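The structure under discussion appears below in the form of structure tokens.
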Ligand code: HEM
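Chains as they are written, first to last, in the working numbering: chain A, 1026 to 1480; chain B, 13 to 294.
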């Protein structure tokens, strides 16, 4: 953009903030500094950086927050400067664009037309000059599309076909859209949250755990239940499907049921649940028979200790292998509630004996199964629509900037004078000049065939 | 399976190699007929490649996986070559400047050769893992690669611009067969604008997809960040025209730097850095 005089054009700060030079400087700085965060792993512990980069680099990393580059004070400052640059630049250009937009391009003079980048002049001699002129105007009418006409002070008449004048606003749409995207991102990060939920099949929860801080609980305002989790694999072993059957319970009523998959989340009251991971949790059933003939079936889920109080026994699951030579196997610890414990490997269907409290017990692995726990990403982002709006504006604005040209085609006809009738054809387009030139030539050739010039 | 998609695509590699050689000969010896032959060979290569891609698509259905051939490094390289040739042929058709072919078709040839012959690139048809099962993925890949291919052609033009040099405007011989600096500058700019539009759409469709799959439209993962860096470079090139003293040579340089950034976004991130988009390394 050339230096255009505007009301505030004299202020050096304003001039600096509105310059495209600054925009270029910022774009280059942003491009270069953004590389840092792709080389240094982000979001690790301070200990990690100290160990991997040594004390000198560690200081720099800590000071410049290179563990979280894209949210560091200096990166956000750069983005802020960039936004400011964009705002000031836009405001600065506005009067100029308004002038371009408001100007009526039919107010021209013959001299102006002769200076246009595309123009051709004919002089029609009597006797048939006026018939030819009428013919020329007809041809222009047919070829150039809808036209307006105006009489000029010099006695000539100008006919104009114009299109795409509004395309000047495309650039504003484009640049403002970038600000809208920023605004949406800021709003979303302030008014929303990100969290995680791990849910066993059959389990219900009323909260998520914050991604940024695992000790912080985020209440959902309703209940979420996982009825089932399904995982499926291709014959190559690659995963094919992760699916959770979820139910939403609000005010004691089940209001919504949906099976979610990766790429197909569930949204309720502005909170969206995404399928993100899973764990399989084993659960084994033991049949324990004491030497006196007493017998009991005990279900032992992972991570829990289970007791048989009457016998004074406590046990738990240490390790589970779903498939050892075709049968599941488990390593169990079992012992007196306040004494020594044994660890034993059991296959399904096999049994072992232990001594505890003066009695002998036969321990049999009766059944083993896996239960799934689904991992959900939870998000509330009221700003996402603003971001999508900005993205749409960006693309539409861009398409306008790229494809829509402000095109003007003039035909000027001035009768009389000793030299005969003067005819000028002129054209101006602010982009797609090659295509426009072809169209101009086509009209020019059509007119040539009337005036007798050319081929 | 002699008439398989990989057979057709291997043949395509050699057709593009021949086309690049013909364009080069056409440039050096300036024989109009050879230029015409180069155009025909390139178009034939495009037809053969289109058939190959279509066949691969059909084969994926026969294998029971059924997805558009845009899901791994091999398929994306093939698609990159396809779009590059397409974009180039459109430019040739619009401008009639065949010399550009000597600088554009080698990119397609290299991509195809790398896809077909490198041991790093797995050309088996693989099933889609859950994260990739999305129509947004198809939109994302197509738009990104439209951008990448345009940038490849713009990079070729940038190289031409620098070879031609600012001073040698009236030189005879090889250099004078290149389009004038003004024409090159204009074409380069238009190609960059076109690529920039598609890169923007590519980044946006990627964001929509990520938002649908993981709930974050932007997570600053290295591949995303590199695509943004590329975007910044080309935004610089677009605006440089409006600052005096930044025309021509510097934009040609930016066009080359931009394409290096594209290459890094495409390969470097997969091979040197780690992140979400690791499908490239398989
Ligand atoms: C990354 C963000 C930006 C994008 C994607 C962008 C995009 C564009 C595009 C596509 C054009 C049209 C180029 C052409 O017609 O060849 C343009 C022109 C322009 N941009 Fe930006 N721009 C960005 C940032 C900025 C900033 C920060 C400024 C602030 C100074 C700015 C000022 C301008 C100006 C003055 C023009 C020239 C308009 C004209 O006279 O035709 N842009 N921009």
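Ideal Cβ positions, reconstructed from N, Cα and C, are used throughout, including at glycine. A quick note: this is a predicted structure, and the numbers were derived from the prediction, not measured.
So, are the CB atoms of residue i and residue j less than 7 Å apart?
| i | j | result |
| --- | --- | --- |
| residue 160 of chain B | residue 204 of chain B | no |
| residue 90 of chain B | residue 32 of chain B | no |
| residue 1190 of chain A | residue 1445 of chain A | no |
| residue 992 of chain A | residue 1251 of chain A | Since the displayed chain A opens at 1026 and closes at 1480, residue 992 of chain A lies outside it and no answer follows. |
| residue 1048 of chain A | residue 241 of chain B | no |
| residue 1206 of chain A | residue 1426 of chain A | no |
| residue 1243 of chain A | residue 1401 of chain A | no |
| residue 1042 of chain A | residue 1133 of chain A | no |
| residue 1404 of chain A | residue 1297 of chain A | yes |
| residue 1433 of chain A | residue 1187 of chain A | yes |
| residue 1138 of chain A | residue 1451 of chain A | yes |
| residue 264 of chain B | residue 168 of chain B | no |
| residue 48 of chain B | residue 17 of chain B | no |
| residue 1231 of chain A | residue 1248 of chain A | yes |
| residue 1304 of chain A | residue 1285 of chain A | no |
| residue 268 of chain B | residue 239 of chain B | no |
Compute every distance between the C-beta of residue i and the non-hydrogen atoms of the ligand HEM, then say whether any falls below 6 Å.
| i | result |
| --- | --- |
| residue 1276 of chain A | no |
| residue 249 of chain B | no |
| residue 1114 of chain A | yes |
| residue 1110 of chain A | yes |
| residue 1054 of chain A | no |
| residue 255 of chain B | no |
| residue 46 of chain B | no |
| residue 1203 of chain A | yes |
| residue 1045 of chain A | yes |
| residue 213 of chain B | no |
| residue 1048 of chain A | yes |
| residue 1426 of chain A | yes |
By the three-class DSSP mapping on this structure, what secondary structure does residue i have?
| i | result |
| --- | --- |
| residue 1322 of chain A | strand |
| residue 1219 of chain A | strand |
| residue 1174 of chain A | strand |
| residue 247 of chain B | helix |
| residue 1341 of chain A | strand |
| residue 254 of chain B | coil |
| residue 234 of chain B | helix |
| residue 1184 of chain A | strand |
| residue 1263 of chain A | coil |
| residue 1228 of chain A | coil |
| residue 1328 of chain A | coil |
| residue 1145 of chain A | strand |
| residue 1273 of chain A | strand |
| residue 1133 of chain A | coil |
| residue 1255 of chain A | strand |
| residue 133 of chain B | coil |
| residue 1303 of chain A | strand |
| residue 1354 of chain A | strand |
| residue 141 of chain B | coil |
| residue 16 of chain B | coil |
| residue 287 of chain B | Model confidence at residue 287 of chain B stands at a pLDDT of 46, short of 50, so the residue's coordinates are unreliable; what they give is reported in the following sentence. Residue 287 of chain B falls in the coil class under three-state DSSP. |
| residue 1234 of chain A | strand |
| residue 1063 of chain A | helix |
| residue 1397 of chain A | strand |
Taking Cβ-Cβ distances shorter than 9 Å, what residues in chain B pair up with residue i?
| i | result |
| --- | --- |
| residue 1292 of chain A | The contacting residues do not exist; residue 1292 of chain A stays about 10 Å from chain B at best. |
| residue 1115 of chain A | Ordered by position in chain B, no residue passes the 9 Å Cβ test against residue 1115 of chain A, which lies about 14 Å from the chain. |
Please list the partners that residue i has in chain A, where partner means a Cβ-to-Cβ separation under 7 Å.
| i | result |
| --- | --- |
| residue 238 of chain B | 1063 |
| residue 192 of chain B | Chain A residues near residue 192 of chain B: none, gap ~14 Å exceeds 7 Å. |
| residue 196 of chain B | By Cβ distance, chain A contributes nothing, its closest Cβ being about 14 Å from residue 196 of chain B, past 7 Å. |
| residue 16 of chain B | The contacting residues do not exist; residue 16 of chain B stays about 19 Å from chain A at best. |
Could you list which residues in chain B have their beta carbon closer than 8 Å to that of residue i, in chain order?
| i | result |
| --- | --- |
| residue 1046 of chain A | 255 |
Applying a beta-carbon distance threshold of less than 8 Å, which residues of chain A neighbour residue i?
| i | result |
| --- | --- |
| residue 247 of chain B | 1052 |
| residue 244 of chain B | 1052, 1053, 1055, 1056 and 1059 |
| residue 139 of chain B | 1259, 1261, 1263 and 1265 |
Quick one: which chain B residues come within Cβ less than 7 Å of residue i?
| i | result |
| --- | --- |
| residue 1208 of chain A | The contacting residues do not exist; residue 1208 of chain A stays about 14 Å from chain B at best. |
| residue 1095 of chain A | 232 |
Residues of chain A with a CB under 9 Å from the CB of residue i: which are they?
| i | result |
| --- | --- |
| residue 205 of chain B | 1423, 1426 and 1427 |
| residue 212 of chain B | 1416, 1419, 1420 and 1423 |
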